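So the sequence lines, in the order shown, correspond to chains B and R. Here the working numbering runs 95 ahead of the position in the first sequence, where the first position is 1. Here the working numbering runs 25 ahead of the position in the second sequence, where the first position is 1. Ideal Cβ positions, reconstructed from N, Cα and C, are used throughout, including at glycine. All values derive from a computational prediction rather than experimental measurement. Below is one structure, written out as structure tokens, with a few remarks after it.
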Amino acid sequence: GAVVSQHPSRVICKSGTSVKIECRSLDFQATTMFWYRQFPKQSLMLMATSNEGSKATYEQGVEKDKFLINHASLTLSTLTVTSAHPEDSSFYICSAQLAGAGYEQYFGPGTRLTVT
Amino acid sequence: SQQGEEDPQALSIQEGENATMNCSYKTSINNLQWYRQNSGRGLVHLILIRSNEREKHSGRLRVTLDTSKKSSSLLITASRAADTASYFCATDDAGKSTFGDGTTLTVKP
Chain B
96 GAVVSQHPSR
106 VICKSGTSVK
116 IECRSLDFQA
126 TTMFWYRQFP
136 KQSLMLMATS
146 NEGSKATYEQ
156 GVEKDKFLIN
166 HASLTLSTLT
176 VTSAHPEDSS
186 FYICSAQLAG
196 AGYEQYFGPG
206 TRLTVT
Chain R
26 SQQGEEDPQA
36 LSIQEGENAT
46 MNCSYKTSIN
56 NLQWYRQNSG
66 RGLVHLILIR
76 SNEREKHSGR
86 LRVTLDTSKK
96 SSSLLITASR
106 AADTASYFCA
116 TDDAGKSTFG
126 DGTTLTVKP
């Protein structure tokens, strides 16, 4: 089946630093990837839609200069949290959409970010 | 705002019993998907039901979809302790998924 990986699975960083999270589709090409954020005991909130070779589309209220998304290839999208603050601590999950498969999404295992 | 609302928010049952979770949504959809999430982990895709389907089965899972009522239900039969997790419905609109608030299921051995 379609597998999506995320790296790292956990990261702790200091306030003011930047953190990059990678999302890879391992055995398929994904023209579209999505980035979600999940706070404890809450649902997933879509942050942005990442399309290969073009700029990401951000949801309302998500700062594009703070959450930089790059979708450099059909198998890799990265999310960089710039100048991280403790309130950015969250669980970040990506998903990849299998091209031509009726919009089915495959989710990565998530990345736990803790900003101290 | 979230597209889906799930009911109940929390459900606690004994092993062997059936668990039913409901999801309501607001706009038209292409399909609806159910996911499971164990605590602190990623999402596991359970089942997808398309807007022109009414019922779908997968092992111990049964999903129904009523587009006239904009609602879906997930039934887990003969529950096991390993089914303990949060369950989310997600509606798809032109490729974008919107998640419900989720139901936390606890299955007691």
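query                                                                                                                                                                   : result
Taking the alpha-carbon of Ala106/R as reference, which of Glu31/R, Glu42/R and Ala35/R has the nearest alpha-carbon?                                                   : Glu42/R
Distance check for Asp108/R and Ser37/R, CA to CA, integer angstroms please.                                                                                            : 11 Å
What do you reckon, is the C-beta of Thr52/R under 7 Å from a heavy atom of the ligand MN?                                                                              : Only the bare structure without any ligand can be found here, which leaves the ligand MN out of the picture.
Taking only three categories from DSSP, how would you classify Asp32/R?                                                                                                 : strand
How is the beta strand (DSSP E) around Thr209/B delimited, first residue to last?                                                                                       : Thr206 to Val210
Does chain R have any CB closer than 8 Å to the CB of Ser100/B?                                                                                                         : no
In whole angstroms, what is the alpha-carbon distance linking Ala167/B and Ser149/B?                                                                                    : 9 Å
Just tell me which of Leu71/R, Ser97/R and Arg66/R has its CA closest to the CA of Arg79/R.                                                                             : Ser97/R
Leaving out five residues before and five after Asp122/B in sequence, what residues of the same chain have Cβ atoms less than 6 Å from its Cβ?                          : Val98
Which residues in the same chain as Ser185/B place their Cβ atom closer than 7 Å to its Cβ, once the five residues preceding and following it in sequence are excluded? : Arg132, Gln133, Phe134 and Leu208
Relative to the C-alpha of Asp91/R, which residue among Lys51/R, Ala44/R and Pro134/R is closest?                                                                       : Lys51/R
Please list, in chain order, the chain R residues whose beta carbon lies closer than 9 Å to that of Leu141/B.                                                           : Lys121, Ser122, Thr123 and Phe124
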